[in-house]
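See below for the structure under consideration.
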Amino acid sequence: MKERFACVHIFLGTDFVPAGLIEVVEDGPLSTCRYRYFDEYLERKDAVAVDPVRLPLHDAMRGNRVFDGPLGGDLFGGIEDACPDSWGRHVLDTAAENAGHALQPYDYMLYAGRERIGALGFSERIKEPPFQNFPDWLREPLDNELSLEEMLRAADKVEDAENLEPQYRRFFVRGSSLGGAKPKAAIEHEGESWIAKFGAEREVLPTCRMEHATMELARLCGIRTPETRIVTVYENRDILLVKRFDRLAGTCVRLPFVSALTMLGRSRSEADHPATYINIAEAMRRHCAGSTLKNDLAELFSRMIFNICCNNNDDHLRNHGFLHLETRVRGWTLSPLYDVVPQPFNQETLQLGIGSQGRKATFENALSSAAHFGLSREEAENSVLKIKKTVFANWEKLMRGAGVPASLLPMVRKSFKAVF
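Residue numbers 844 to 1263, in the numbering used here, belong to the letters of the sequence shown in order.
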């Protein structure tokens, strides 16, 4: 058994402030964690919950200062959201294995870089700022920034589990900061913060271009999306740039973020347990800001319809998120859409349950759950009709405009079978 401690920092106002202490007990299947808010943090008027479900501020303010985490090694959901997912863990594991180390959840939490999603940071000492505790095998070189070409080269090498040259070591930190299963890194581009998503060297379909077109299509449907751009390097390798919505544009301000997995009070090991859009809507009613709730619920319904339209069956709980906003809202609200790629295969179900017929990806099934999103049957039918018409009229034009080859459009069209 091994006990480890870390200070949890959160970005408030203009800088990070210590929010509490997490204790992690590593003991195989009996591993667990414990969290305690600092008294000074609870006295702040701008304090934000590190995890709105498992670490609620109102409980801490009533005297319950110590919270027990899940058994088995998972951390609290709000903290897991600030840790790397499958791609980031692969990146860190590759670096650690090359140096003869095996990583635990505590290590992923501590070693993921400063560009991680959301507003949390971690340090091994209370008076120490976050992002200082990198081992020698992971330290970022102090030379010039990596170019997109160099990042892509590094991503290819990590994908192939090769040893990286020293000049690519910073990519371990940048890439490990972010969630998801595909290669990505945080970058600065034209004075703004972006996430770069790297296409594979030999892809059946140009996923970067398809995702770019799909985000534009969602925007036409009235769904909030971040700005995206396509950059091509080495003449034929695509990189999708997605502007970060967890950063205030042109500033260093970081916005707290949690996934729908956290909003449902679930731990990492429960990510594959059955869940539904109705579950997310119910969690929103409990934990999201009242001033935006009605619109957020209606948009969640629209996103469900849009995912049916483009057969995005990667709509799991970590691909839905929430931001905590101070201005206007003062609370948790639905984040912009992200990670939506049409799939020309498996046109039967989505990953999340939709309505009375479970995960069956039909509009009638979606309409059966309209009331859970605060919509009348008529309002829901109008939303479905609008989105179907918009997707039908624009999918091919946007795919062509994004540079998807005409020869591949018949295959891409299968993704939008629901609207024909």
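We treat Cβ as the ideally placed atom computed from N, Cα and C, and that holds for glycine. The structure displayed is predicted, hence computed values, not measured ones.
Per DSSP, cross-strand counterpart(s) of residue i
i	result
Phe881	DSSP, once it has assigned bridges, lists no residue as partnering Phe881.
Phe859	Phe854
Ser1036	Glu1031
Ala849	Ile865
Trp1175	Cys1131, His1167
Cys876	Val867
Ile1082	Phe1041, Val1074
Lys1203	Thr1192
Asp1273	Nothing about residue 1273 can be reported from this structure: the residues present for the chain run from 844 to 1263 only.
Thr1068	Per DSSP, none; premise fails for Thr1068.
Arg1090	Arg1097
Gly1198	Gly1201
Where residue i falls, given that 16 or more other Cβ within 10 Å makes a residue buried
i	result
Leu1252	exposed
Tyr1077	exposed
Tyr1146	First, the amino acid is wrong: residue 1146 is Arg here, not Tyr. Buried is the call here.
Lys1231	buried
Leu1104	buried
Val1183	buried
Asn907	exposed
Phe1263	exposed
Gly961	buried
Val1047	exposed
Ala1004	Residue confidence is low: Ala1004 scores 49 on pLDDT, short of 50, so the model does not pin down where it sits. Its coordinate-derived value is still stated next. The residue is exposed, with fewer than 16 neighbouring Cβ atoms inside 10 Å.
Lys1240	exposed
Tyr884	buried
Phe848	exposed
Thr1233	buried
Val909	exposed
Glu923	buried
Limits of the alpha helix (DSSP H) - the one that residue i falls within
i	result
Ala1029	Not the alpha helix (DSSP H): Ala1029 falls in the beta strand (DSSP E), residues 1027–1032.
Val1234	1220–1244
Ser1110	Note, Ser1110: premise wrong, no alpha helix (DSSP H); not H, not E.
Ser929	929–941
Pro948	948–954
His1055	1050–1063
Ile922	920–923
Proximal residues to residue i (C-beta, below 7 Å), its chain only, five neighbours per side dropped
i	result
Asp1025	Note on residue identity: the sequence assigns Lys, not Asp, to residue 1025. Counting only Cβ-Cβ distances below 7 Å, and skipping sequence neighbours, we find Trp930, Lys1040.
Glu846	Glu866, Val868
Tyr951	Cys926, Pro927, Arg932, Leu935
Arg1052	Ile1073, Asp1081, Ala1245, Gly1246, Val1247
His1032	Leu1084
Cutoff 6 Å; reference residue i; Cβ partners in own chain excluding five residues on either side
i	result
Lys1257	Pro1187
His1215	Ile1121, Ala1124
Asp889	Leu855
Gly1196	Thr1119, Arg1202
Of the listed residues the options, nearest to residue i (C-alpha basis)
i	options	result
Arg1067	Ile1148, Ile922, Leu1180	Leu1180
Asn1155	Thr1050, Ser1102, Asp1115	Thr1050
Pro1117	Leu1140, Leu1193, His901	Leu1193
Gln1190	Gly1198, Ser1199, Lys1203	Lys1203
Leu1166	Val1101, Gly871, Arg1111	Val1101
Glu1222	Ala1249, Glu1142, Asn1150, Phe1259	Glu1142
Arg1111	Glu1070, Arg1161, Pro1099	Arg1161
Phe859	Arg877, Leu1210, Val893, Glu923	Val893
Thr1057	Trp1238, Ala1132, Gln975	Trp1238
Arg897	Gly871, Gly921, Glu886	Gly921
Opening and closing residue of the beta strand (DSSP E) in which residue i lies
i	result
Gly964	963–966
Val909	909–911
Val1271	Residue 1271 lies beyond the stretch modelled for the chain, which goes from 844 to 1263, so this question has no answer here.
Val1101	1100–1102
Spatial neighbours of residue i in its chain, beta-carbon cut-off 8 Å, leaving aside the 5 residues before and after
i	result
Lys1137	Gly1217
Glu992	Val1076, Tyr1077
Gly1042	Pro1049, Thr1050, Cys1051, Arg1080, Asp1081, Ile1082, Leu1083
Gly1034	Gly1093
Arg1062	Thr1068
Heavy atom of the ligand ATP within 7 Å of residue i beta-carbon
i	result
Ala890	With respect to the ligand ATP, the structure offers nothing, as it holds no ligand at all.
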